[in-house]
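In our numbering, the protein residues as written are 2 to 188. Quick reminder that beta carbons are idealized off the backbone N, C-alpha and C, glycines included.
As structure tokens, then:
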């Protein structure tokens, strides 16, 4: 929703499937529509899978797969959501959390759906990888200082550059208002 113009930008339906004993959803399906009319075809679908969940609710691995569309079963469209048309996938592994549950050390593997020229099949192919270290947080758990190391391989051995990010203020929705990003060609 656009506060200034009063315009609906999109509409999302979120469904949770299965819960860990800590209360964390094991799977989420997020369907995005271009308007409030959810009888129309969705414009994007995300399937978010959480695994390696600790008893405190810290999620070790999150996989986010985006799709172009989906069919929604049932006359009221309240049945199963079956996504189709893969777009891309992110796998986020978090190895260290602070006492408040904030992620300290993470790796992110980004892949896109495409034709593998080696075996002539469509599948997820490497796009980029990142190693992230969140150094400090404010009292709301928002990152104040972090470093992001970018890599051109999935094993995180081919370093490309590093960004050091300092955030000094956020808006009421948690979006950064003032940020400084320094980029380096060495670690």
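Residue(s) in a DSSP beta bridge with residue i
i           : result
residue 67  : 47, 89
residue 162 : 151
residue 132 : 108, 150
residue 82  : 73
residue 183 : 165
residue 13  : 33
residue 1   : A query on residue 1 cannot be resolved here, the shown segment of the chain reaching from 2 to 188 and no further.
residue 122 : 117
residue 5   : Looking at the DSSP assignment, residue 5 forms no beta bridge with any residue, so it has no partner.
Span separating the alpha-carbon of residue i from that of residue j
i           : j           : result
residue 71  : residue 110 : 24 Å
residue 138 : residue 103 : 8 Å
residue 147 : residue 125 : 28 Å
residue 62  : residue 5   : 37 Å
residue 66  : residue 18  : 15 Å
residue 176 : residue 144 : 11 Å
residue 164 : residue 186 : 9 Å
residue 39  : residue 11  : 10 Å
residue 132 : residue 184 : 14 Å
residue 69  : residue 42  : 10 Å
residue 47  : residue 34  : 12 Å
residue 32  : residue 13  : 5 Å
residue 181 : residue 105 : 20 Å
residue 150 : residue 157 : 9 Å
residue 172 : residue 179 : 10 Å
residue 50  : residue 170 : 31 Å
residue 152 : residue 129 : 6 Å
Buried versus exposed call for residue i [16 or more other C-beta atoms within 10 Å across all chains shown]
i           : result
residue 159 : exposed
residue 90  : buried
residue 107 : buried
residue 76  : exposed
residue 73  : buried
residue 119 : exposed
residue 8   : exposed
residue 37  : exposed
residue 122 : exposed
residue 60  : buried
residue 161 : exposed
Span of the beta strand (DSSP E) around residue i
i          : result
residue 27 : 26-34
Taking three-plus beta-carbon pairs below 8 Å as touching, is the region 93-103 in contact with the region 77-85? With the cut-off at 8 Å, the region 93-103 and the region 77-85 do not touch.
May I ask you to verify whether the region 51-59 touches the region 12-27, counting CB pairs closer than 8 Å and requiring at least 3? Flag = yes, the region 51-59 and the region 12-27 touch.
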